[in-house]
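Trainee:
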Amino acid sequence: MKKILLILAVVALAGCGEKSPTVEITDPVVEKAIRGVLEKPTGKLTEADLEQVTYLYLSNSQLTDVPKGLEKLNQLTRLDLYNNPDITKAQIAELQKAVPNCEIRHDATK
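For the sequence shown, the positions run 375 to 484 when this note's numbering is used.
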């Protein structure tokens, strides 16, 4: 009986593995875009999920400010922000500092 309990305990512990912490994306537009890329309409977003995002399309999103939380996307290599007329060049510059390895495509004129 002790051997069976020991085997069950080992199997249970081996299956638990270390889970990736969940991440909260506070901007609903960004969250929707991330979920679209990941094809994950519901459920918690994890750090492992965010590491899969290399491209994000936020053009025509009616953004009034550069979304917060994009710096969590450490694998992001391209971000499209075209046709968001309220975003300024200064905001783009700040975002570029937060995600230095990302090509930010935009048409900001202010």
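Where a beta carbon is used, it is the ideal one built from N, C-alpha and C, also for glycine. Quick caveat, the model's predicted, so the values are computed rather than measured.
Does the pairing of the stretch 413-422 with the stretch 432-445 give three or more beta-carbon distances under 8 Å?
Mentor: Not touching, per the Cβ criterion.
Trainee: What does the Cβ neighbour count give for residue 449, buried or exposed, with the cut at 16 atoms within 10 Å?
Mentor: The residue in question, residue 449, is exposed, as its Cβ has fewer than 16 Cβ neighbours within 10 Å.
Trainee: With 16 other CB atoms within 10 Å as the buried threshold, where does residue 467 fall?
Mentor: Burial call: exposed.
Trainee: Which same chain residues end up closer than 8 Å to residue 428 when comparing Cβ atoms and leaving out the 5 residues on each side of it in sequence?
Mentor: Result list for residue 428: 449, 450, 451, 452, in chain order.
Trainee: Identify whether residue 411 lies in helix, strand or coil by the three-state DSSP scheme.
Mentor: Helix.
Trainee: Using a Cβ-Cβ cutoff of less than 7 Å, which residues in the same chain neighbour residue 475 once the five nearest sequence positions on both sides are dropped?
Mentor: Cβ neighbours of residue 475 beyond the five flanking positions: 451.
Trainee: Can you tell me whether residue 458 is buried or exposed, with buried defined as 16 or more other CB within 10 angstroms of its CB?
Mentor: Burial call: buried.
Trainee: Using a threshold of 8 Å, state whether the C-beta atoms of residue 447 and residue 407 are closer than that.
Mentor: No, Cβ-Cβ distance for residue 447 and residue 407 is not below 8 Å.
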